[in-house]
Amino acid sequence: MPNLDLVTEIKKNLSSLLAKNDLNGAIILAKKFLEVAPNDFYITNVLAVAYFNDGQYRNALVANNNLLKINANSSEAHYNKGLILSKLGDPGAAATAYKHAISLAPK
């Protein structure tokens with residue numbers, strides 16, 4: 032696992048890339064970091080969001096499913112899965128994901 036300072040710097044760089052809408056840069060950096068730390072929730076989420084925002088919905092779904100393997104109780108990840116499935120033309124599965132997200136959301 033990389034040291035904490037490096038992780039913090041990478042996360043700042045990813046946030047900056049997303050803010051600049053440099054989706055390709057964010058995808059490349061996130062994938063590189065995940066080679067070293069494949070279970071990092073934040074980086075995996077950034078990868079899924081970057082793919083989604085870039086219109087790469089199948090890749091977004093794969094990344095989001097990896098996110099759910101890291102934390103199956105993330106309401107945000109289930110909600111995002113619904114968004115992705117909706118874009119992929121599967122409204123039934125999207126509705127299921129949204130319902131699951133609502134059931135996990137803090138009250």
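In the working numbering, the protein residues as written are 32 to 138. A virtual CB, placed ideally from N, CA and C, is assigned to each residue, including glycine.
In the three-state scheme derived from DSSP, where H, G and I count as helix and E and B as strand, residue 98 is classed as helix.
Here residue 49 is not near residue 60, since their CB atoms are 8 Å or more apart. Three or more Cβ pairs closer than 8 Å define a contact, and the region 109-123 meets that threshold against the region 83-93.
The region 98-109 makes no contact with the region 81-89; the number of CB pairs closer than 8 Å stays below 3.
For residue 112, the uninterrupted alpha helix (DSSP H) run begins and ends at 106-118, by DSSP.
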